[in-house]
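For the sequence shown, the positions run 1493 to 1673 when my numbering is used.
We treat Cβ as the ideally placed atom computed from N, Cα and C, and that holds for glycine.
Just so we're clear, the structure is a prediction, and the values are computed from it rather than from any experiment.
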Amino acid sequence: MDEAMSAISFEPLNTAKLPEVIKDEAVKTEIQQVSKPVQIPLPRDPLLDFFAAALVRHGRRARAQTLVTRTLLNIHTLTRAEALPILREAILMASPAVKILNHKSKAGKPEPKPFALNDRQRAKYAFRWILKETAKRKGPLPERLAREIIDIIRAAKDSNGVLKLKADLHKAAMVTRGSLR
């Protein structure tokens, strides 16, 4: 989810170093307009690949990538905005910071203990929860995913199932953190 990985930037052409052969001003201005910085998106976005991997069933990766593409198209259709930033924001909002694991105490009794998650683990939990919540909706999967992602962006913490799961997990982590020695 590194923003530096999302696009490649090319430097503009230095028109001061153009050969003296080009004397026509119209050609020089056309070259200057063409040589402005260009943002080229990467052919594969790591977040979209991770999202497709979460959707793969029975080894059908191409179908999962098609679902991701259609989901992005549905997000764009419903919001009339760029879909990838909306997806990134929804994943960021839905991803938890911690997970709770049971560890044996000195007495041999398992006690819950919170652990921090890295970015990939956070995204994995977010995708898992989004897919779980979309199962409650009706309609084609790309449309359900798009609506759930948009609802995460628009919703308050109490009204969205994914954000409720995140809040509950964080609340439980705070409670278990208080009981640690």
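Backbone CA spacing between residue i and residue j [nearest angstrom]
i     : j     : result
P1604 : G1670 : 11 Å
E1635 : Q1557 : 15 Å
S1597 : V1667 : 17 Å
R1580 : K1658 : 16 Å
R1553 : I1622 : 19 Å
E1574 : I1645 : 14 Å
R1536 : K1628 : 30 Å
A1647 : G1653 : 10 Å
K1601 : H1595 : 8 Å
P1613 : L1661 : Per the sequence shown, residue 1613 should be read as Gln rather than Pro. C-alpha separation (whole angstroms): 14 Å.
A1665 : G1551 : 35 Å
A1638 : N1610 : 25 Å
T1563 : F1619 : 13 Å
L1565 : R1555 : 15 Å
Q1531 : L1570 : Because the pLDDT of Q1531 is 46, which lies under 50, any placement of that residue in the model is unreliable, and the number read from its coordinates should be weighed accordingly. Going from the Cα of Q1531 to the Cα of L1570 covers about 25 Å.
K1630 : T1561 : 19 Å
R1572 : L1559 : 19 Å
A1599 : S1651 : 41 Å
Nearest candidate by alpha-carbon position, reference residue i, set the options
i     : options                    : result
T1626 : E1640, K1656, F1542        : E1640
I1578 : L1559, L1540, A1664        : L1540
P1538 : K1624, T1569, R1562, L1576 : L1576
K1663 : T1569, P1606, K1630, S1651 : P1606
Distance between beta carbons of residue j and residue i, contact taken as under 8 Å
i     : j     : result
I1567 : I1642 : 7 Å
A1586 : L1655 : 7 Å
A1615 : F1542 : 6 Å
Assigned secondary structure, residue i (DSSP; H/G/I helix, E/B strand, else coil)
i     : result
P1593 : Here the sequence assigns Leu to residue 1593, which means Pro is not the residue at that position. Three-state result, L1593: strand.
K1605 : strand
P1634 : helix
A1573 : coil
G1600 : coil
D1537 : coil
G1551 : coil
K1616 : helix
K1678 : Absent from the model: residue 1678. The displayed extent of the chain is 1493 to 1673, so no value can be given.
N1566 : helix
R1639 : helix
T1580 : Before going further, note that residue 1580 is Arg rather than Thr in the sequence given. If DSSP states are grouped into helix, strand and coil, R1580 belongs with the helices.
A1545 : helix
A1556 : helix
A1665 : helix
L1655 : helix
Cβ of residue i within 9 Å of any chain C Cβ
i     : result
L1565 : Absent from the structure: chain C. Only one protein chain is present.
Handout entry: the region 1547-1563 touching the region 1585-1599, judged by at least three CB pairs closer than 8 Å
Key = no
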